[in-house]
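First comes the structure, then the notes that go with it.
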Amino acid sequence: IYKPEKSVEELAGEIAMILLEDLCRTLPGPYKTLESLAPPERLGVWKDLDIMPIGAYHEVFESLHRTSVGTDGDWENISKQILRCGLAFAWSSVVGSAIAMDCLYGRPKRGRITTNLGAIREDTVNIAVHGHSPVLVAAIVKAARRQDLVLEAKAVGAESEGIRLYGICCSGHSALAKFGDIHPLTNAMGAELVLATGALDLWVADVQDVFPGIMDVAACFHTRVITTSDSARLPGAEHIAFDHHHSNLNQADRIAETIVRKGIQAFGERQKGKVFIPKARMDAEIGFSVENILETFGGAEKLLDHLRSGRIRGVINLVGCNNPKVVYEESIVRVAEELIAHDVLPLTNGCAAYALLKLGFCLPEGLAGAGTGLNEALGQHNLPPVWHMGECLDNARASGFFRTLATASGEPLRRLPFAFSSPEWSNEKGIGAALSFRLLGLNSYHCIEPPIAGSDKVSKFFYEDTQKLLGSVMVIDPDPALLAHRIISDLDKRRAELGWKACNDATKKRLSTLHVPNHHTQSNGHSHDHSNSDNHSHCHCGTDKHTHDHSHCNSHNHHHGETHHE
């Protein structure tokens, strides 16, 4: 669609219409996003299997129809429809949305932030945004920066910057990467833990991943809860939102102003005796994108050299939501620490990323738990062993990174040492994300059994038969360490088939048993000076390493599932 005479606005309008057409198409026609961006080798595979989708809405509607009473009774035909839904999810819900967000709000910027509950300040109006949609969040960020509202906050007793914004779930990742002054605290499953500090004045929920339990916890404190989407309302919450038809979409700034003022009012109702902010916090480096990674390394060929030489054994997209069936975040951490010890480079986003952000995996110091190869490849650039790429929609960024390296290597994705893992997957979009990468020819690895055990044929289809169809399978092992070793073994098989150099043995160190300084000199989110970090480093517990016995800290911080459930 590009022509030199077209303005940026004209091109943006045309791109928007293509994305909407692919999302809403009801009559057969070219799926433009998919056909223009997918690897040609994969397009051929999908067309041969007859799984090309018509449009995202159509395939979802068709799936609901096929599984209703007395309709499709052929498990193979339904399985084929699942694959179509996977493609529609990948190229409209994920890639399409990522394109739109980058166009509207810009690409991520590299930076360093502070996360975990210790990042909360007690002397500011504290507003948490929770969910996925960037439209209202962008307006809230804009309102919170307004000098008149900052002065209103200070007039009721707030100090420092007056109003401080925090991110829960994917809003924390995306808003941070786009706008820079939102502090990510926790994933959706940990939301109640943040509320239990008693320091949040306002909780703003939008379209997804908002569980009803937050109302029970908020009721124990002064925290007000506002819902902003007609799709995700909570009983007892105040509803300030775009209407069902979005006829007031042009009033985002006014709605955001109203919401911020609610937070300022709630600050005056804070119950001082109920406020407790743990000192635990951690610095993390965020904002990785295909573009800034290639700039750092000087092109894809340099990264390929690290892969071919074995310094980087492989690359994995380590993501996913959390699952209450297992110890909170433990599977994610165990898989990650085993992989980096074996020189596997994880990319991360979404809810899984919080576990890694707050335990030092996203700091250059985290290389202390990585293998010699990763240390050599990443240490010279002062990079962390895990690269944070944003929210769960940024699976598109990970797949783009894989595609870039595949194009530079001249090899199809299904042959390269890449993989996908969501150890704690738990819901519909988790199934879609894993399927998206298997459709690219990359195995997906999980610690939770999917709900397909009732059919031997369906189980065999996903565990074995898709190897011939797609070049990939779904792998399950409830033991995170064993799952990690299966990933490593499968990556090594792909490397051997390519004739690439064998990798070094793993380091015996594991990041969960090491102290990673987070370079803070003060607690509770106050300003800090990095200039003398060697003398004023803090452990995850927030205590000065030179005056404190850290023997308890590994169990306290790294068996955090038990701690959070107490």
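Residue 13 is where the sequence shown starts when you use the numbering used here, and the numbers rise one by one after that.
Glycine included, each C-beta is placed from N, C-alpha and C at the ideal position.
Predicted model only: the values in this text are computed from it and were never measured.
Check                                                                                                                                                                            : Outcome
Determine the closest residue to leucine 368 out of Val338, Thr127, Asn407, with distance taken between C-alpha atoms.                                                           : Thr127
For the alpha helix (DSSP H) that aspartate 317 lies in, which residues bound it at each end?                                                                                    : 312-321
When burial is assigned at 16 or more other CB atoms within 10 Å of the CB, is glycine 85 buried or exposed?                                                                     : exposed
What is the residue span of the beta strand (DSSP E) that proline 196 lies within?                                                                                               : 194-198
Return the chain-ordered list of same chain residues with a C-beta closer than 6 Å to the C-beta of phenylalanine 430, the five sequence neighbours on each side being excluded. : Val327, Phe414, Leu454
Out of curiosity, what's the CA-to-CA distance linking serine 109 and glycine 381?                                                                                               : 35 Å
Could you give the DSSP three-state label for lysine 15: helix, strand or coil?                                                                                                  : coil
Three or more C-beta pairs closer than 8 Å, one from the region 150-157 and one from the region 271-281: is that the case here?                                                  : yes
Is it the case that the region 508-528 contacts the region 479-495, given that we only count it when at least three CB pairs across the two stretches are under 8 Å?             : no
Any chance the region 515-529 sits against the region 358-372, with 3 or more Cβ pairs inside 8 Å?                                                                               : yes
Give a yes or no on whether the C-beta atoms belonging to proline 146 and glycine 402 are separated by under 8 Å.                                                                : no
I'd like to confirm the pairing. Which residues does DSSP put opposite glycine 98 in its beta bridges?                                                                           : Answer is none; glycine 98 lacks a bridge partner.
Using the beta-carbon count (16 or more within 10 Å), is tryptophan 87 buried or exposed?                                                                                        : exposed
Tell me valine 153's beta-bridge partners as DSSP assigns them.                                                                                                                  : None; valine 153 has no bridge partner.
Buried or exposed for proline 42, going by 16 or more other Cβ atoms inside 10 Å?                                                                                                : exposed
With a cut-off of 8 Å on the beta carbons, I'd call tryptophan 103 and threonine 38 a contact; round off their distance for me.                                                  : Not quite, the Cβ-Cβ distance comes to about 17 Å (not below 8 Å), so this is no contact.
Using 7 Å as the cut-off, classify the Cβ of alanine 278 as near or not near the heavy atoms of the ligand ZN, replying yes or no.                                               : Absence of the ligand ZN from the depicted structure is noted, as is the absence of any ligand whatsoever, leaving it without description.
So who's on the other strand from arginine 236, going by DSSP bridges?                                                                                                           : Leu214
Opposite aspartate 295 in the DSSP bridges: which residues?                                                                                                                      : Thr126
Inspect the beta-carbon positions of leucine 95 and isoleucine 63 and report whether they are closer than 8 Å.                                                                   : yes
Provide the residue(s) that pair with methionine 486 in DSSP beta bridges, ordered along the chain.                                                                              : Ser456
Return the CA-CA distance between glutamate 574 and isoleucine 344, expressed in angstroms with no decimal places.                                                               : Here the model assigns glutamate 574 a pLDDT of 35, short of 50, so the residue's position is not dependable, and the following value carries that caveat. Each residue's alpha carbon lies about 15 Å from the other.
Just the Cα atoms here: how many angstroms apart are tyrosine 475 and valine 487?                                                                                                : 6 Å
Apart from the five residues just before and just after leucine 31, which ones in its own chain have a Cβ nearer than 7 Å to its Cβ?                                             : Thr45, Gly108, Ile111, Ala112
Does histidine 393 pass the burial test, meaning 16 or more other C-beta atoms within 10 Å, or should it be called exposed?                                                      : exposed
For the region 221-228 and the region 240-252, state whether three or more C-beta atom pairs, one from each stretch, are separated by less than 8 Å.                             : yes
Please report the residue range of the beta strand (DSSP E) in which phenylalanine 449 lies.                                                                                     : Where phenylalanine 449 is concerned, there is no enclosing beta strand (DSSP E), although the alpha helix (DSSP H) it sits in stretches over 440-451.
By the three-class DSSP mapping on this structure, what secondary structure does proline 358 have?                                                                               : strand
Buried or exposed for asparagine 262, please, with buried defined as at least 16 other CB atoms from any protein chain shown within 10 angstroms of its CB.                      : exposed
Is tyrosine 475 helix, strand or coil when you go by DSSP?                                                                                                                       : helix
Run through DSSP, which three-state label would valine 168 get?                                                                                                                  : coil
Pull up the distance between the alpha-carbon of threonine 239 and that of glutamate 250, whole angstroms please.                                                                : 6 Å
Just to confirm the assignment: which complete alpha helix (DSSP H) runs, minimum length 4, are found wholly within the region 248-297?                                          : 264-279
Nearest-angstrom Cα distance between threonine 79 and glutamine 93?                                                                                                              : 11 Å
Quick check on this structure: which residue in Phe191, Gly192, Gly202, Tyr178 has the alpha carbon closest to the alpha carbon of leucine 212?                                  : Tyr178
Can you give me the Cβ contacts of leucine 357 inside the same chain, cut-off strictly under 6 Å, excluding the 5 residues immediately before and after it?                      : Ile324, Val327
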